[in-house]
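Down below is the structure, laid out as structure tokens.
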Amino acid sequence: MIQRLRRKLVLIVMAVVTLMLSAIFFTMLLTTQQKNARMSVDLLRQALSLRPFPGGVGPPAIDGKPAPSRGAAPQMRLPVLVVEIARDGAVTVLANQLHFIDEGDIPALAALATEGAKAVGILPDEALRYLREGGEGGVRVAFADISVEREILQMQLVNSLLVGGLALAAFFLLSLLLARWAVRPVELAWEQQRQFVANASHELKTPLTVILSNADMLRAEGPIAGDKNARRIEHIHAEALRMKRLVEDMLTLARSDSRQGAEQHRPVDFSDLVTSAVLMYEPVFYDEGKRLSCEVEPGLSVGGDAPELQRLTHILLDNARKYSPPGGAVWVRVSQAEHRRALLTVASEGEPIPKGELERIFLRFYRRDASRSEHGSFGLGLSIAQTIVQAHRGSIWAESDETSGNRFFVSLPLA
Numbered sequence: 005m006i007q008r009l010r011r012k013l014v015l016i017v018m019a020v021v022t023l024m025l026s027a028i029f030f031t032m033l034l035t036t037q038q039k040n041a042r043m044s045v046d047l048l049r050q051a052l053s054l055r056p057f058p059g060g061v062g063p064p065a066i067d068g069k070p071a072p073s074r075g076a077a078p079q080m081r082l083p084v085l086v087v088e089i090a091r092d093g094a095v096t097v098l099a100n101q102l103h104f105i106d107e108g109d110i111p112a113l114a115a116l117a118t119e120g121a122k123a124v125g126i127l128p129d130e131a132l133r134y135l136r137e138g139g140e141g142g143v144r145v146a147f148a149d150i151s152v153e154r155e156i157l158q159m160q161l162v163n164s165l166l167v168g169g170l171a172l173a174a175f176f177l178l179s180l181l182l183a184r185w186a187v188r189p190v191e192l193a194w195e196q197q198r199q200f201v202a203n204a205s206h207e208l209k210t211p212l213t214v215i216l217s218n219a220d221m222l223r224a225e226g227p228i229a230g231d232k233n234a235r236r237i238e239h240i241h242a243e244a245l246r247m248k249r250l251v252e253d254m255l256t257l258a259r260s261d262s263r264q265g266a267e268q269h270r271p272v273d274f275s276d277l278v279t280s281a282v283l284m285y286e287p288v289f290y291d292e293g294k295r296l297s298c299e300v301e302p303g304l305s306v307g308g309d310a311p312e313l314q315r316l317t318h319i320l321l322d323n324a325r326k327y328s329p330p331g332g333a334v335w336v337r338v339s340q341a342e343h344r345r346a347l348l349t350v351a352s353e354g355e356p357i358p359k360g361e362l363e364r365i366f367l368r369f370y371r372r373d374a375s376r377s378e379h380g381s382f383g384l385g386l387s388i389a390q391t392i393v394q395a396h397r398g399s400i401w402a403e404s405d406e407t408s409g410n411r412f413f414v415s416l417p418l419a
């Protein structure tokens with residue numbers, strides 16, 4: 005329980021941190037992308053407002069340095085290509101600082117830029133952004149290289165992933181320490197409660213044993229004077245026996261809570277174990293006028309503790325017997341499921357369990373209604389069954405509907 009609580013706290017902390025970091029980095033990337041796009045469009049608009057350079061090739065080289073090439077970092081002035089498309093479709097280059105573009109490809113680029121309805125767009129295959137403006141003499145289109153923008157975003161994405169990964173690792177270690185510190189009071193309270201239950205159960209076993217022994221001796225001595233006295237002795241014996249079962253169940257749960265580490269499990273013939281349990285319960289079902297049928301796939305072995313698995317089977321069979329109606333039927337099936345697992349199914353007729361209580365029935369001392377107490381139930385049987393299944397690295401769950409009745413499933417890994 006404590007380990008599950010710690011894992012939940014760590015999971016919650018990591019989920020919150022992951023969402024926050026994702027939102028922060030996504031916002032940063034989006035802001036950078038929008039900022040770069042806005043700056044690029046502003047420079048394209050400035051380029052369209054300038055007079056064309058002589059010869060339509062842009063400014064000459066300064067100090068012998070050529071104009072910026074594709075992929076160069078943008079300076080004060082972004083390298084652009086400006087063309088004018090006349091009404092007759094003729095394309096005139098007004099300025100060309102993008103020297104990586106062949107002059108023969110410029111008409112095709114101009115055609116692509118004039119196809120869309122939007123004045124601003126991107127040509128992804130060419131890594132160009134364009135801005136289109138119409139005029140009396142035709143249409144002017146300015147192009148700018150966006151490969152640098154992509155490199156900036158890619159670099160920022162890599163840095164974000166790196167920083168995010170390091171931050172998640174740091175928060176994970178911090179959350180482990182935080183979960184251990186936060187759960188410590190609960191762990192102490194749980195340990196004190198477990199110790200109290202174990203001690204109280206041990207203390208109760210001795211007087212209960214004495215009461216049962218005296219009741220058995222009184223019953224064995226012969227007829228007891230007076231019917232009332234005889235009934236009182238029977239009531240004492242029955243209630244003491246009932247309390248003894250409760251104490252034993254509480255001790256079982258207390259021992260399971262105090263287990264440290266995994267137990268050594270050995271291969272157990274699960275098919276044979278379930279078959280033996282069904283044969284043991286057949287006379288009990290017959291005496292109560294109920295039907296018990298069994299379908300077991302032979303040769304299925306699981307790794308575990310045979311007495312514990314036997315107790316698990318008895319709990320499920322006894323639970324089905326108690327809560328099936330008079331003349332009702334109970335079906336037991338053992339089969340091999342996917343992922344090399346053995347599946348035990350115990351189905352019974354009876355009043356369906358509400359969906360909201362299918363998980364709560366495995367809680368300790370949980371009783372769905374007062375009718376459960378009529379069968380001498382303390383609400384510990386299914387909790388013990390769940391503890392046994394978890395100790396065997398398996399899973400247990402219940403399903404219920406009016407058509408199929410109540411069904412309990414146990415999935416255990418094959419040996």
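Each residue of the sequence shown is one higher than the last, beginning at 5 in the working numbering.
The beta-carbon is built from N, C-alpha and C at its ideal position, and this holds for glycine as well.
Values in this document were obtained by computation on a predicted structure and should not be read as measured data.
Query, Result
"Cα-Cα separation, Gln264 to Arg397", "Confidence in Gln264 is poor, its pLDDT being 48 and thus under 50, which makes the residue's placement unreliable; the coordinate value appears in the next sentence. Looking at the two C-alpha atoms, the distance is approximately 15 angstroms."
"Cut-off 6 angstroms between Cβ atoms - residues of its own chain near Val451, not counting five sequence neighbours on either side", "The structure shown does not extend to residue 451, since the chain spans only 5 to 419, so no value can be given for it."
"For Asp291 and Val338, the rounded distance between their alpha carbons", "25 angstroms"
"Check whether Val251 and Leu208 have beta carbons under 8 angstroms apart", "yes"
"Residues near Ala310 by beta carbon distance below 7 angstroms, same chain, minus five either side", "Val272, Leu277"
"Length of the line joining the Cα atoms of Ala90 and Glu155", "35 angstroms"
"Simplified DSSP state of Glu403, which is helix, strand or coil", "strand"
"Spatial neighbours of Gly142 in its chain, beta-carbon cut-off 7 angstroms, leaving aside the 5 residues before and after", "Glu88, Ile89, Ala90, Arg91"
"DSSP beta-bridge partners of Gln340", "Ala346"
"Exposure label - Asn100; buried when at least 16 CB within 10 Å", "buried"
"The stretch 336-351 touching the stretch 361-369, judged by at least three CB pairs closer than 8 angstroms", "no"
"Nearest candidate by alpha-carbon position, reference Glu299, set Val336, Ala114, Leu132", "Val336"
"Close beta carbons around Ser164, own chain, < 6 angstroms, minus the five adjacent residues each side", "Phe29"
"DSSP state of Gly398 mapped onto helix, strand, coil", "coil"
"Cβ-Cβ distance between Asp109 and Leu132 below 8 angstroms", "no"
"Local Cβ density within 10 Å of Thr210, reported as buried at 16 or more and exposed below that", "exposed"
"Extent of the continuous beta strand (DSSP E) to which Asp273 belongs", "270-273"
"Helix, strand or coil at Ala19 according to DSSP, with G and I counted as helix", "helix"
"Counterpart residues of Thr96 in DSSP-defined beta bridges", "Glu88"
"Assigned exposure category for Ala324 - 16 Cβ within 10 Å defines buried", "buried"
"Selected residue, minimal CA-CA separation from Ala234, among Leu245, Leu222, Ala244, Glu243", "Leu222"
"Ser305 - partner residues in DSSP beta bridges", "Asp273"
"Inter-residue spacing [alpha-carbon to alpha-carbon] between Glu160 and Pro358", "At residue 160 the sequence reads Gln, which differs from the Glu that was named. Approximately 53 angstroms between the Cα atoms of the pair."
"Whole runs of the alpha helix (DSSP H) within the stretch 145-227, excluding any shorter than 4 residues", "151-224"
"Spatial distance of Gly331 from Lys232 (CA atoms)", "34 angstroms"
"Spatial neighbours of Ser275 in its chain, beta-carbon cut-off 7 angstroms, leaving aside the 5 residues before and after", "Val300, Glu301, Pro302, Gly303, Leu304, Val338"
"Asp67 burial status per 10 Å Cβ neighbour count (16 or more: buried)", "Residue confidence for Asp67 is low, a pLDDT of 42 falling below 50, so the modelled location carries little weight; the figure read from the coordinates is stated next. Asp67 comes out exposed."
"Contact check, Arg144 vs Val86, beta carbons under 8 angstroms", "yes"
"Among Ala204, Arg236, Ile240, Glu195, nearest to Ser217 - alpha-carbon criterion", "Ile240"
"Burial state of Val167, where buried means 16 or more other Cβ atoms lie within 10 Å", "exposed"
"For Arg49, the nearest candidate out of Gly138, Met24, Arg315, Gln158 (CA to CA)", "Gly138"
"Terminal residues of the alpha helix (DSSP H) in which Pro311 lies", "310-327"
"Length of the line joining the Cα atoms of Ala174 and Leu54", "53 angstroms"
"Supposed close pair Ala395, Leu320 - CB separation, criterion 8 angstroms", "Between Leu320 and Ala395 the Cβ distance is about 16 angstroms, and since that is not below 8 angstroms, they are no contact."
"Whole-angstrom C-beta distance between Leu157 and Thr31, which should lie under 8 angstroms", "So it is not a contact: roughly 14 angstroms between Cβ atoms."
"Buried/exposed call for Ser297, threshold 16 Cβ in 10 Å", "exposed"
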